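Chemist: Residue numbers (numbering that gives the first Met the number 0): 0 to 160.
Idealized CB from N, CA, C, for every residue including glycine.
Note that the coordinates shown come from a computational prediction; the quantities given were computed from them, not determined experimentally.
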Amino acid sequence: MSLAVPPALEAEIDTLISHYPQRRSASLMILHALQDHFGWLSQEAIEWTAAKLGLQPINVLELVTFYPMFRQAPAGKFQFKVCRTLSCALGGGHALHGHLCQKLGLDPHKHGIQTTPDGKFSVEFVECLASCGRAPVLMVNEAFHEAVTPDQAEALLSQCR
């Protein structure tokens, strides 16, 4: 395991752990801290977290794969997150995802986050973005967009270029 966690980050993580009566309860907060620092969660980050908390790596991997906010691959500078739950699927979410992938040269059928070769754009399906009445919903980084059409998605792409 060769993850180089800076001393300041490790001190922050030690403080996080101290706030919980059981070390494993700090798992999500540690994963957030590592992802905030490194941009994604590598296998080394998963193993480091497990060792830090006295857990098996599978216990941490289960969290990383369950929660959609965790990434196991680097994301682009501009992250396009398309809601895929029922309301958005019925409202055109799959078509929106496909359109974005086509415009960026990505595979709309591939599972998980995809990033353009230049590292500028990422596209991924995510679970509910909590605006079912205004489907389909799209987030670009932290900006929330409702009732997004393919033309509007293209305009958002253009603004990011």
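1. Where in the segment 7-84 do unbroken runs of the beta strand (DSSP E), each at least 3 residues long, occur, reported from the N-terminal end onward?
2. Nearest to residue 41 by CA position, among 23, 19, 98, 64, is which residue?
3. Spatial neighbours of residue 32 within its chain, please: C-beta separation below 8 angstroms, excluding the five flanking residues on both sides.
4. Work out the CA separation of residue 82 and residue 128 for me, nearest whole Å.
5. Spatial neighbours of residue 72 within its chain, please: C-beta separation below 8 angstroms, excluding the five flanking residues on both sides.
6. Measuring alpha carbon to alpha carbon, tell me which residue in 126, 91, 36, 153 is nearest residue 5.
7. Please report the straight-line C-alpha distance between residue 147 and residue 92, rounded to a whole angstrom.
8. Tell me which residue opens and which closes the beta strand (DSSP E) that residue 137 is part of.
9. Could you give the distance in angstroms between the alpha-carbon of residue 23 and the alpha-carbon of residue 138?
10. So who's on the other strand from residue 125, going by DSSP bridges?
11. Determine the direct distance from the alpha carbon of residue 48 to that of residue 97, and round the result to whole angstroms.
Modeler: If we stick to the structure as given:
1. 77-82
2. Along the sequence shown, one-based indexing puts residue 41 at 42. Ranking the options by Cα distance to residue 41, first place goes to 64.
3. One-based indexing of the sequence shown puts residue 32 at position 33. Closer than 8 angstroms at the Cβ level, and outside the excluded window around residue 32, lie 8, 11, 12, 15.
4. Residue mapping note: residue 128 aligns to position 129 of the sequence shown, counting from 1. Residue mapping note: residue 82 aligns to position 83 of the sequence shown, counting from 1. Residue 128 and residue 82: Cα-Cα distance of roughly 6 angstroms.
5. Position 73 of the sequence shown, counted from the first residue, corresponds to residue 72. Same-chain partners within the cutoff: 39, 111, 112, 114.
6. Residue mapping note: residue 5 aligns to position 6 of the sequence shown, counting from 1. Closest by alpha carbon: 36.
7. On the sequence shown, position 148 is the one that residue 147 refers to. On the sequence shown, position 93 is the one that residue 92 refers to. Cα-Cα distance, rounded: 9 angstroms.
8. On the sequence shown, residue 137 is found 138 positions in, with the first residue counted as 1. Taken as a continuous stretch (DSSP letters only), the beta strand (DSSP E) holding residue 137 covers 137-139.
9. Locating residue 23 in the sequence shown gives position 24, where the first residue counts as 1. Locating residue 138 in the sequence shown gives position 139, where the first residue counts as 1. If I take the Cα positions, the gap works out to 31 angstroms.
10. Here residue 125 refers to the residue found at position 126 of the sequence shown. Residue 125 pairs with 82.
11. In the sequence shown, the residue the question calls residue 97 occupies position 98. In the sequence shown, the residue the question calls residue 48 occupies position 49. Each residue's Cα considered, the two are about 35 angstroms apart.
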